[in-house]
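In my numbering, the protein residues as written are 15 to 198. Where is the CB? At the ideal position from N, CA and C, for every residue including glycine. Bear in mind that the values here come from a model prediction, so they are computed numbers and not experimental data. Here is the structure we will look at, set down as structure tokens.
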Ligand SMILES: Cc1cc2nc3c(=O)[nH]c(=O)nc-3n(C[C@H](O)[C@H](O)[C@H](O)COP(=O)(O)O)c2cc1C
């Protein structure tokens with residue numbers, strides 16, 4: 015039984031990654047849950063702002079959601095073969111201040127999945143997350159993979175996941191991640 019929080023790295027209304035995260039909420043094993051979060055409202059990181067006004071409220075809310083969860087799922091788009099700036103900026107904010115790194119990241123279960131209309135399904139942005147997650151000390155689950163390629167063909171106009179094969183892959187990924195989070 016795990017309480018998960020997922021963060022979509024896209025701000026788009028029609029985001030494939032947010033749609034993937036929403037689809038995952040319906041596929042979690044009985045007794046577990048997955049809360050959907052996005053980065054709306056997170057400002058650009060500026061050390062001067064942090065020094066003068068501290069952690070912005072939307073960032074603090076994300077941090078507390080992560081702290082309260084048993085596991086965190088990053089649902090990442092890919093821009094120019096790497097992490098979109100919006101998502102990296104969000105996680106950079108979440109990693110502040112360093113004194114809080116342990117509470118938010120250290121040894122805590124994280125998973126990474128993603129969707130792209132291209133043929134490689136965010137493989138390079140998922141790879142780009144590796145040094146970031148290692149740096150903050152997250153406990154990345156590497157037992158499963160989900161790279162949704164041709165994402166424009168697997169959701170309908172409302173963002174519902176309609177591809178049965180991807181649905182089963184997503185279900186298997188979430189089940190594996192929950193088992194990882196739950197392990198004694
Ligand atoms: C600046 C930019 C760069 C992109 N670079 C890539 C890329 O390197 N690889 C890829 O698969 N898709 C790339 N795309 C396409 C995105 O995968 C696509 O816009 C996708 O829908 C973004 O995710 P979202 O639907 O969750 O917003 C790029 C899109 C933008 C705007």
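Worksheet item: Relative to ligand 1, is the shortest distance from any of its heavy atoms to the C-beta of residue 172 smaller than 8 Å?
Response: no
Fill in: Distance between beta carbons of residue 118 and residue 65, contact taken as under 8 Å
Going by Cβ atoms, the distance from residue 65 to residue 118 rounds to 20 Å, so no, they are not a contact pair.
Worksheet item: Which residue or residues does DSSP assign as beta-bridge partners of residue 96?
Response: 93
Worksheet item: For the putative contact between residue 40 and residue 15, defined by C-beta atoms under 8 Å, what is the C-beta separation to the nearest angstrom?
Response: Not confirmed; about 17 Å, so no contact.
Discussion item. Tell me the DSSP secondary structure of residue 49 in three-state form.
Written reply: strand
Practice prompt. Pull up the CB-CB distance for residue 129 and residue 31, whole angstroms please, since I reckon it's below 8 Å.
Written response: 5 Å
Item to complete: Report the partner residues of residue 17 according to the DSSP bridge assignment.
Response: 47
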